[in-house]
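Participant: One structure, as structure tokens, below. Some questions next.
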Amino acid sequence: MTLRERLENVKRIFPKADSALIAALHEVQDEYGWLHPDGLKLITEVLGYTETHIVSVASFYHFFHLEPTPKHKVGICTNLTCMQKGAYDLLKFARENADPKKVFVEEVECIGLCDHAPAGLLNGTPLKDLTVETLKDILENPEKYDEGYRETYEDMADLYRDG
Ligand code: FES
Numbered sequence: 022m023t024l025r026e027r028l029e030n031v032k033r034i035f036p037k038a039d040s041a042l043i044a045a046l047h048e049v050q051d052e053y054g055w056l057h058p059d060g061l062k063l064i065t066e067v068l069g070y071t072e073t074h075i076v077s078v079a080s081f082y083h084f085f086h087l088e089p090t091p092k093h094k095v096g097i098c099t100n101l102t103c104m105q106k107g108a109y110d111l112l113k114f115a116r117e118n119a120d121p122k123k124v125f126v127e128e129v130e131c132i133g134l135c136d137h138a139p140a141g142l143l144n145g146t147p148l149k150d151l152t153v154e155t156l157k158d159i160l161e162n163p164e165k166y167d168e169g170y171r172e173t174y175e176d177m178a179d180l181y182r183d184g
């Protein structure tokens, strides 16, 4: 499916324009690895937002990247529970061992997986009970673990219907 078709699908899922933008931004970032200007232009065409509005929303959320970054993004949670279970050691390991052309490593706030600490995200896919060994494999083979984010926002679309 082309990016335009995916954005039209977003428009169908979220008929109220204001609720479609985050999903549309995810689609563009999935296509390019970051919010490439060509993708933002396509959002303006399909969903009708101005580029200024798109950038103002995107810049509010740390998980959207307005500069080029690798497609795979690994976030390690370093909030209290994860920190107590070694998150900073994992973050250091990831920063020292990730191929910067392949994987972008970032620190993230609590993602609600405290019972599986230390936890993280790979492009929206939960990473639970992380160890150095599993993290090493994730960094080397991110495509093996990446289940994407689309299912999440398609589930959430129900919240926006008939509202
Ligand atoms: S503290 Fe890490 S997921 Fe909650």
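Heads up: the sequence shown begins at 22 in my numbering, then just goes up one per residue. Think of the CB as a built atom: it goes at the ideal place given N, C-alpha and C, for glycine as much as any other residue.
(1) Quick one: is residue 113 buried, meaning 16 or more other Cβ sit within 10 Å of its Cβ, or exposed?
(2) Starting from residue 96 and walking both ways along the alpha helix (DSSP H), at which residues does that stretch end?
(3) CA-CA distance, residue 73 and residue 154?
(4) Provide the residue(s) that pair with residue 85 in DSSP beta bridges, ordered along the chain.
(5) Express the C-alpha separation of residue 55 and residue 35 in angstroms, rounding to a whole number.
(6) Short check: CB of residue 146 to CB of residue 127, under 9 Å?
(7) Looking only at DSSP bridge pairs, what is residue 141 linked to?
(8) Compare the C-beta of residue 82 against all C-beta atoms of chain D and say whether one is closer than 9 Å.
(9) Comparing the CB of residue 138 with every heavy atom of the ligand FES, is any distance shorter than 8 Å?
(10) Classify residue 114 as helix, strand or coil using the three-state DSSP reduction.
(11) For the candidate residues 95, 69, 59, whose alpha-carbon lies nearest to that of residue 29?
(12) Take residue 10 as the anchor and find which of 71, 137, 61, 115 has the nearest alpha-carbon.
(13) For residue 139, count the other beta carbons within 10 Å of its own beta carbon; 16 or more makes it buried, fewer makes it exposed. Which is it?
(14) Where does residue 127 sit, in a helix, a strand or coil, going by DSSP?
(15) Out of 24, 78, 88, 117, point me to the one whose CA is closest to residue 40's CA.
Facilitator: Walking through what the data contain:
(1) What you label residue 113 is simply residue 92 of the sequence shown in a count that begins at 1. With fewer than 16 other Cβ atoms within 10 Å, it is exposed.
(2) Residue 96 sits at position 75 when you count from the first residue of the sequence shown. Element bounds for residue 96: not the alpha helix (DSSP H) but the beta strand (DSSP E), 93 to 98.
(3) Stepping through the sequence shown from its first residue, residue 73 is reached at position 52. Stepping through the sequence shown from its first residue, residue 154 is reached at position 133. Taking the straight line joining both Cα atoms gives about 43 Å.
(4) Counting from 1 along the sequence shown, the entry for residue 85 is found at position 64. Per DSSP, none; premise fails for residue 85.
(5) Position 14 of the sequence shown, counted from the start, is the residue given in the question as residue 35. Position 34 of the sequence shown, counted from the start, is the residue given in the question as residue 55. Taking the straight line joining both Cα atoms gives about 22 Å.
(6) Within the sequence shown, the letter at position 125 stands for residue 146. Within the sequence shown, the letter at position 106 stands for residue 127. Taking a C-beta distance under 9 Å as the contact criterion, residue 146 and residue 127 do not qualify as a contact pair.
(7) The residue you call residue 141 lines up with position 120 of the sequence shown. DSSP lists 97, 148 as partners of residue 141.
(8) In the displayed structure, chain D is absent; only one protein chain is listed.
(9) By one-based count along the sequence shown, residue 138 stands at place 117. Within the cutoff, so yes.
(10) Position 93 of the sequence shown, counting from 1, holds the residue named residue 114. Of the three classes helix, strand and coil, the one that applies to residue 114 here is helix, per DSSP.
(11) The count along the sequence shown starts at 1 and reaches residue 29 at position 8. Measuring from the Cα of residue 29, the nearest candidate turns out to be 69.
(12) Any answer about residue 10 is impossible in this case: the structure gives the chain only from 22 up to 184.
(13) Within the sequence shown, residue 139 is the residue found at index 118, counting from 1. That one is buried.
(14) In the sequence shown, the residue the question calls residue 127 occupies position 106. Correct three-state label for residue 127: strand.
(15) As a working mapping, residue 40 is identified with position 19 in the sequence shown. Of the listed residues, the one whose Cα sits closest to residue 40 is 78.
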